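Reading through the structure tokens given below for one structure.
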Amino acid sequence: MVEQRRQSLQQHLDKVRQDLRKNESTTGSSKLYSGAYSKISDEMLRDMAEKEGFDFVSMISRTISFRKRITQDDENNLLSGTENRPIHPRDGISGRRHRRKLASLLEENTAADTMTLRRDELGELPKAEILRTAEEHGWTYHDENITDNAWNLLFRRHTPESTP
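Quick note on our numbering: the sequence shown kicks off at 24 and runs consecutively.
Take a look at the structure:
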């Protein structure tokens with residue numbers, strides 16, 4: 024357990040990728056276990072799964088289920104509407120704390136042209152909520168960068184379109 028805590032964020036994320044592939048069934052479903060990865064929240068697990076081509080399906084007990092992404096033209100898209108739904112529907116203490124932290128970071132950067140938010144420090148917030156809130160404060164999501172110690176979301180200030 025102590026050895027796990029000393030691993031870098033990148034090592035933990037690599038383990039998530041490995042487990043997604045290892046747990047994938049022949050039908051394209053996979054699962055991860057909440058709390059099994061130190062430094063990584065359930066919402067970050069979902070973000071990683073989405074980067075690997077999986078969509079969130081459900082969470083039962085501590086098992087988070089995913090399914091290989093279904094193409095847009097699939098008539099039997101059973102996952103419609105799950106992409107922005109929080110994994111934990113009840114807003115817990117840490118969710119409120121992360122929301123306050125996000126608001127504070129957005130307020131601190133009002134004069135900047137670029138902004139970097141640490142995804143790993145906003146763990147309980149769904150990525151869609153982070154992006155939507157930043158957009159409401161004048162930021163456009165640009166890219167993300169994962170290093171050994173941080174998962175950074177990179178933003179640029181909206182540039183107003185000139186009107187004739």
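Even glycine gets a Cβ: it sits at the ideal position worked out from N, Cα and C. Remember, predicted model here, so these are calculated numbers, not experimental data.
Cβ pair residue i, residue j closer than 7 Å
i, j, result
"Leu176", "Glu167", "yes"
"His121", "Leu140", "no"
"Val39", "Tyr56", "no"
"Leu145", "Leu129", "no"
Beta-carbon proximity list for residue i, same chain, < 7 Å, skipping 5 on both sides
i, result
"Thr163", "Phe178, Arg179 and His181"
"Lys62", "Leu32, His35 and Asp143"
"Asp171", "Ser31, Leu32 and Gln33"
Secondary structure of residue i, DSSP reduced to three states
i, result
"Asp65", "helix"
"Ser127", "helix"
"Leu55", "strand"
"His181", "coil"
"Asp166", "strand"
"Leu154", "helix"
"Asp42", "helix"
"Arg92", "coil"
"Met119", "The amino acid at residue 119 is misidentified as Met; the sequence shows Arg. Correct three-state label for Arg119: helix."
"Asp136", "coil"
"Leu148", "coil"
"Asp70", "helix"
"Arg142", "helix"
"Asp37", "helix"
"Leu32", "helix"
"Gly104", "In this prediction, Gly104 has a pLDDT of 43, which is less than 50 and means its spatial position is unreliable; what the coordinates show is noted afterwards. Correct three-state label for Gly104: coil."
Residue nearest to residue i in terms of C-alpha spacing, selected from the options
i, options, result
"Ala151", "Asp171, Gly51 and Glu73", "Glu73"
"Asp65", "Asp136, Gly76 and Gly118", "Gly118"
"Ser52", "Glu75, Glu131 and Gly161", "Glu75"
"Ile93", "Ser127, Leu68, Thr50 and Asn132", "Thr50"
"Arg136", "Arg123, Ser127 and Gly161", "The question names Arg, but residue 136 is Asp in the sequence shown. Comparing Cα positions, the closest option is Gly161."
"Ser48", "Thr170, Phe77, Gly58 and Leu68", "Phe77"
Own chain, CB closer than 6 Å to residue i, minus 5 neighbours either side, in chain order
i, result
"Lys7", "No answer is possible for residue 7: it lies beyond the span of the chain, which begins at 24 and ends at 187."
"Trp174", "Arg142 and Asp143"
"Asp70", "Lys150"
Problem set entry | the segment 156 to 167 in contact with the segment 79 to 89 per 3-pair CB rule at 8 Å | no
Exercise. Just checking, does the segment 42 to 58 make contact with the segment 86 to 94 on the three C-beta pairs under 8 Å criterion?
Worked result: yes
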